[in-house]
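*Asks:* Take this structure first; my questions come after.
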Amino acid sequence: MSLEAAVAVHRFGLGARPGEIGSVGPKPRAWLMGQLDSGADQPQPLDGGPAFLPGGTLVSQLLAYRRERQMERKEANPPDPVKMFFKVLGQQFLREMAARMALGFTTQKPFAEQLVWFWSNHFTVSATNPAAITLVAAFEREAIRPNIAGTFEDMLLASTRHPAMQLYLDNAQNIGPDSLAGLIAHKGLNENLGRELMELHTLGVDGGYTQADVIALAKILTGWSLDKDGGTTGFHYYPARHEPGDIVLRGKTYSGGEEAGIQALKDLAHDPATARHIAGKFAVHFIADDPPAESVARLEASFNRTGGNLRALAETAVNDPAAWKPGPGKMRSPMEYTTAALRIVGWPQGGDRDKQVKSVMAATKMMGEFPMLAPSPKGWPDVSEAWSGPDALLNRIEWAKELGNRIPPNVDAVAVADEGMGPLLGADTRAAMKSAATPGDAVALLLSSPEFQRR
Amino acid sequence: MMLDRRSILKTALAAGAASVWDAPIRFAFANVPGDRRFVVVILRGALDGLAAVPPHGDPDYQSVRGKLALDTTGTNALHDLDGQFGLHPSLLNMKGMWDAKELIVFHNIASPYRDRSHFDGQAMLESGGESHALGDGWLNRALKPMGLADGDGALAIAASPPLMLEGSAKVSSWLPAVMPEPDLAFLKRVSALYAKDPVLRASLAQAIDTEAKADAAMDDKPKTAQQMAQRVGAYGDLTPLFAGAGRLLARDDGPRVAVLDASGWDTHVNEGAGDGQLARRLRTLDAGLDAMKSALGPAWKKTAVVMATEFGRTVAPNGGGGTDHGTAGAAFLFGGAVAGGKVEAEWVGLKPSVLKDGRDQPPRTDLRAVFKGVLADHMGMARRDLDNTVFPDSGGVAAMGPLFAA
């Protein structure tokens, strides 16, 4: 097993499944890029139940519920619809997140999945916003997964126009004050999406825009909202809510209508500041917390040269020599950590898969992370120090011990480590595992070791 | 006999035995402003200020609040403070603090946030921004000037620090463990594996140290992880968290700043008045605060706690027996160090004409004025730092005072 194969699996992938490092072959870079040929997988329900619903259907359900609730409110003694509704929603959200977790444990295309996680976090929508709970999973399925090897422009448009983003960043209520709807209902702008689009999704906080630009972009995006009938996508443009007249954003005049918003997003997607912002984040994720300037520059140049081609961006990272430096790498995030653990022990091995995955999800949450539940639009942090805090680390070790307790006594733990870590397994860890009292303890030591905590 | 980690630690500490787990005192106090403690309790979800602090002397109170109005007599009567304002009947221990002149109540108070999104409201409350939320927390920015930026001085009672404590200054975090713990021997072996990884080594050592300090708070530890998860947390029982925080803060070598979360205030439906949903949640909070006070022991006299929420709720009940997102509300400052026994409120009444947008309590006092007052007078921070670094562009918001005895 080559060192490069092991680095490919652990740094760019999600950690090794049994036999995975051996299957990489002599060309680890080609193994990684080959995973993008057929795009990302879609999570499938773990419980064998009905398929996950498209965004448009979910929007029509949400809006139907809201209408029902308004009716109920008018009655004298309403039940507690909020609690009941969110109980159902919470279950649906968990069901989708369990499928997503399990996909990470088993996927044969772990690099594609890493990219999904990266972009999903870049375009954060979070179930912390109760209205968005219904839609965050659909967001990833519909706006992120199909676009990881496409263009940034397409992903930005798909993300911004997804009902989950419209809800999460309040654009569904963003109404032009001088539009017909604004004048009648005395409603006005909501700057949330306009601001975050530039600060987080495209230009970056120092990317060259002012408060006036935030307002301008908010105006440009007025009328973009949820489709009141659900429709196929759940998104709809309402001309009566759109702020009339010319709007100047960063020196360029946009002359109204839905097309103005699309053009503004395209311009932002191709802005050099966006290239710089994305290159920096990509390097931090795949290379190091503090990546070399020349690595960032190469990614930035690739983004500018290809007009934001995301496959080319991924390839540039994969071809960067700095990304192949072995040795103490980034701390795995809790999602990456529990996923790598379940991969190395070869999950599933019988039992109630749904229950097992939900238990891992609870543990991941305790370590500080949960899929599609970031505390803010900034998403989950992507640097080691966010995850190495004392309480979080102790939680990891305690969980590793718990997982170890499930390892059958006839397992050759050192063989599991050799197969799953290859040359990355340190001599100290191997020796400690050999002297452990049980295979379970040995696996717990492996999962606690620095080379496993990091990628 | 299989001893768990905490039993072993307890024995070692009691015997005064020096072991690798009996970590050396690592807290240096050269720059710490005396031995004062500052705690922020974030009430996430928007507390109904008119329920927690009913303005029962206002002529319009009973009529605008309708069935949410609290009784002034009977079994569920509110606690009168000054004839004008009261405390919710559930806040018995807080009433005790009022009587001891250790509590100041604020009303018609709000952060600079003027919209009605929980997330944005909390981000503004925690980041201390003037017009929009910032990427790091105001309390984190205050740590360096306070000399508490070494990671041991500030503690989040959470798995990872909330935005208020997030930023470039190092902070620590602690939660009661929710899993059966691995044995000491195992942790020793893991620690040996970290010999060449200074970050993980230091982090594990600190975790064990913090756990040891919290040991005493663990006496009533639930038996299983599930029991614990059901019982404890921002939405559940607050007492283990608040007592744990109090015990850590009480120690001479403990943190000086802490942030706690309590959720469950988003009472859109069936809020209840003297009894009901909100009354139960306030009782839980009141018990938690009392547990923290007890755990602090003599250090209570050196403690100031600010308790605030992201925004208030509508003055009038909605159709579902609850209240919707509003603007201004109530906030609290208490602790043994506080010169309390007063209500600070620019009260303008409850008539629709004085309400913001005809529905919300009008914001007449900026919450940052309270935070600044505590940081200045209690934690000894310079005005320059407060106006520019901690709360950028807040020169126009003067620190409130006097909040403490001179």
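Chains A and B, in that order, give the protein sequences. Take the first sequence: its letter number 301 is residue 301 in our numbering, and every next letter is one higher. Take the second sequence: its letter number 391 is residue 846 in our numbering, and every next letter is one higher. The C-beta atom is built at its ideal place from N, Cα and C for all residues, glycine as well.
1) Taking buried to mean at least 16 other C-beta atoms within 10 Å of its own C-beta, is valine 116(A) buried or exposed?
2) Three Cβ pairs or more, each shorter than 8 Å: is that satisfied between the stretch 285-300 of chain A and the stretch 130-137 of chain A?
3) Would arginine 73(A) count as contacting chain B if we go by Cβ distances under 8 Å?
4) Who are the Cβ neighbours of histidine 534(B) in its own chain at under 6 Å, not counting the five residues just before and after it?
5) Answer yes if the stretch 490-499 of chain B comes into contact with the stretch 705-725 of chain B, meaning at least three C-beta pairs across the two stretches below 8 Å, and no otherwise.
6) DSSP three-state label for isoleucine 175(A), please.
7) For the candidate residues Asp815(B), Gly774(B), Ala705(B), whose alpha-carbon lies nearest to that of lysine 522(B)?
8) Between which two residues does the alpha helix (DSSP H) holding tryptophan 553(B) run?
9) For the beta strand (DSSP E) that contains glycine 756(B), what are its first and last residues?
10) Would the stretch 779-797 of chain B and the stretch 557-575 of chain B be scored as touching if the rule is three or more Cβ pairs under 8 Å?
11) For the beta strand (DSSP E) that histidine 797(B) lies in, which residues bound it at each end?
12) Name the residues in the stretch 768-799 of chain B whose C-beta lies less than 7 Å from a C-beta of chain A; which are they?
13) Could you pull out every unbroken beta strand (DSSP E) segment of at least 3 residues lying fully inside the stretch 26-105 of chain A, listed in chain order?
14) What do you reckon, are the CB atoms on alanine 5(A) and glycine 422(A) nearer than 8 Å?
15) What does the alpha-carbon distance come out to for the pair leucine 630(B) and alanine 613(B)?
16) I'd like to know if proline 409(A) contacts chain B, where contact means its C-beta is closer than 8 Å to some C-beta of that chain.
17) To which residues of the same chain is glutamine 517(B) closer than 7 Å at the C-beta, ignoring the five residues directly before and after it?
18) For arginine 481(B), which three-state DSSP category applies?
19) What residues from chain A crowd round alanine 578(B), counting only those whose CB sits closer than 7 Å?
20) Helix, strand or coil, according to DSSP, for arginine 492(B) in the structure here?
21) Kindly indicate the opening and closing residues of the beta strand (DSSP E) around leucine 715(B).
22) Please compile the residues from chain B whose C-beta is within a distance smaller than 9 Å of the C-beta of lysine 219(A).
23) Using 8 Å as the threshold, is the C-beta distance between aspartate 607(B) and proline 710(B) below it?
24) Mind checking if serine 623(B) is an interface residue toward chain A, Cβ cutoff 8 Å exclusive?
25) Does serine 627(B) get closer than 8 Å to chain A when you measure Cβ to Cβ?
26) Could one say the Cβ of lysine 281(A) lies closer than 8 Å to chain B's Cβ atoms, at least one of them?
27) Within its chain, find whatever has a CB closer than 6 Å to the CB of alanine 432(A); leave out the 5 residues flanking it on each side and keep chain order.
28) Which of the three DSSP states, helix, strand or coil, is assigned to arginine 738(B)?
29) Across which residues does DSSP place lysine 625(B) in a beta bridge pair?
30) Comparing the C-beta of tyrosine 649(B) with each C-beta of chain A, is any distance below 8 Å?
31) Helix, strand or coil: which one does DSSP assign to alanine 613(B)?
32) Comparing C-alpha positions only, which one of Asn725(B), Met855(B), Gln732(B), Arg838(B) sits nearest to methionine 601(B)?
33) Hey, how far is the Cα of methionine 101(A) from the Cα of threonine 151(A)?
34) Just to check my reading of the structure: leucine 156(A) and leucine 193(A) have Cβ atoms closer than 8 Å, yes? What is that Cβ distance to the nearest angstrom?
35) Going straight from the alpha carbon of glycine 204(A) to that of proline 653(B), what length do you get?
36) Look at valine 318(A) and arginine 67(A) and say whether their C-beta atoms are less than 8 Å apart.
*Replies:* Taking the structure as given:
1) The sequence position of residue 116(A) within the first sequence is 116, counting from 1. Buried, by the Cβ-count rule.
2) no
3) Within the first sequence, numbered from 1, the residue matching residue 73(A) stands at position 73. Taking Cβ atoms only, chain B reaches closer than 8 Å to arginine 73(A), which makes this a yes.
4) Along the second sequence, read from residue 1 onward, the residue named residue 534(B) stands at position 79. If we look at histidine 534(B) and ignore the five residues flanking it on each side, its Cβ neighbours are Gly541, Leu542, Lys550.
5) yes
6) As a position in the first sequence, residue 175(A) is number 175, starting the count at 1. Coil at isoleucine 175(A), not helix or strand.
7) The residue you call residue 522(B) lines up with position 67 of the second sequence. Minimum Cα distance to lysine 522(B) is reached at Gly774(B).
8) To locate residue 553(B), count along the second sequence from 1; it is residue 98. That run of the alpha helix (DSSP H) goes 547-554.
9) The residue you call residue 756(B) lines up with position 301 of the second sequence. It should be pointed out that residue 756(B) corresponds to lysine in this sequence rather than to glycine. That residue, lysine 756(B), is in no beta strand (DSSP E); it is neither H nor E in DSSP.
10) yes
11) Within the second sequence, numbered from 1, the residue matching residue 797(B) stands at position 342. For the sequence presented, residue 797(B) should be read as lysine rather than histidine. That run of the beta strand (DSSP E) goes 797-800.
12) Gly774, Gly775
13) none
14) As a position in the first sequence, residue 5(A) is number 5, starting the count at 1. As a position in the first sequence, residue 422(A) is number 422, starting the count at 1. Yes.
15) For the purposes of this step, residue 630(B) is identified with residue 175 of the second sequence, where counting begins at 1. For the purposes of this step, residue 613(B) is identified with residue 158 of the second sequence, where counting begins at 1. Distance between the alpha carbons of leucine 630(B) and alanine 613(B): 6 Å.
16) The sequence position of residue 409(A) within the first sequence is 409, counting from 1. So, not an interface residue.
17) Residue numbering aside, residue 517(B) sits at position 62 when the second sequence is read from its first letter. Within the same chain, glutamine 517(B) has close Cβ partners Ala524.
18) As a working note, residue 481(B) is residue 26 in the second sequence. Only weak support exists for where arginine 481(B) lies, its pLDDT of 27 falling under 50; the value from the coordinates is given anyway. Here arginine 481(B) sits in coil by DSSP.
19) By 1-based counting over the second sequence, the position of residue 578(B) is 123. What alanine 578(B) touches in chain A: Ser376.
20) Counting from 1 along the second sequence, the entry for residue 492(B) is found at position 37. Here arginine 492(B) sits in strand by DSSP.
21) Numbered from 1 along the second sequence, position 260 holds the residue referred to as residue 715(B). Where leucine 715(B) is concerned, the enclosing beta strand (DSSP E) stretches over 712-718.
22) Stepping through the first sequence from its first residue, residue 219(A) is reached at position 219. Ordered by position in chain B, no residue passes the 9 Å Cβ test against lysine 219(A), which lies about 17 Å from the chain.
23) Within the second sequence, numbered from 1, the residue matching residue 607(B) stands at position 152. Within the second sequence, numbered from 1, the residue matching residue 710(B) stands at position 255. It is a contact, given that the beta carbons lie within the stated cut-off.
24) Sequence index remark: in the second sequence, residue 623(B) carries index 168 (1-based). Output row for serine 623(B): interface = no.
25) The sequence position of residue 627(B) within the second sequence is 172, counting from 1. So, interface residue.
26) Numbered from 1 along the first sequence, position 281 holds the residue referred to as residue 281(A). Lysine 281(A) does not count as touching chain B.
27) Locating residue 432(A) in the first sequence gives position 432, counting from the first residue. Answer for alanine 432(A): Leu445, listed in chain order.
28) One-based indexing of the second sequence puts residue 738(B) at position 283. Residue state, collapsed to three classes: helix.
29) As a working note, residue 625(B) is residue 170 in the second sequence. Paired residue(s): Asp605(B).
30) For the purposes of this step, residue 649(B) is taken as residue 194 along the second sequence, with counting starting at 1. For tyrosine 649(B), the answer is yes, since a Cβ of chain A falls inside 8 Å of its Cβ.
31) Locating residue 613(B) in the second sequence gives position 158, counting from the first residue. Residue state, collapsed to three classes: coil.
32) For this step, residue 601(B) is matched to residue 146 along the second sequence. Methionine 601(B) has its Cα closest to that of Arg838(B), out of Asn725(B), Met855(B), Gln732(B), Arg838(B).
33) In the first sequence, residue 101(A) corresponds to position 101, counting from 1. In the first sequence, residue 151(A) corresponds to position 151, counting from 1. Using only the alpha carbons, I get a separation of about 26 Å.
34) The sequence position of residue 156(A) within the first sequence is 156, counting from 1. The sequence position of residue 193(A) within the first sequence is 193, counting from 1. Actually they are not in contact, since the Cβ atoms of leucine 156(A) and leucine 193(A) sit about 12 Å apart, beyond 8 Å.
35) As a first step, residue 204(A) is located in the first sequence; it is residue number 204 there, counting from the start. As a first step, residue 653(B) is located in the second sequence; it is residue number 198 there, counting from the start. Approximately 33 Å, taken between the alpha carbons.
36) Counting from 1 along the first sequence, the entry for residue 318(A) is found at position 318. Counting from 1 along the first sequence, the entry for residue 67(A) is found at position 67. It is not a contact, given that the beta carbons lie outside the stated cut-off.
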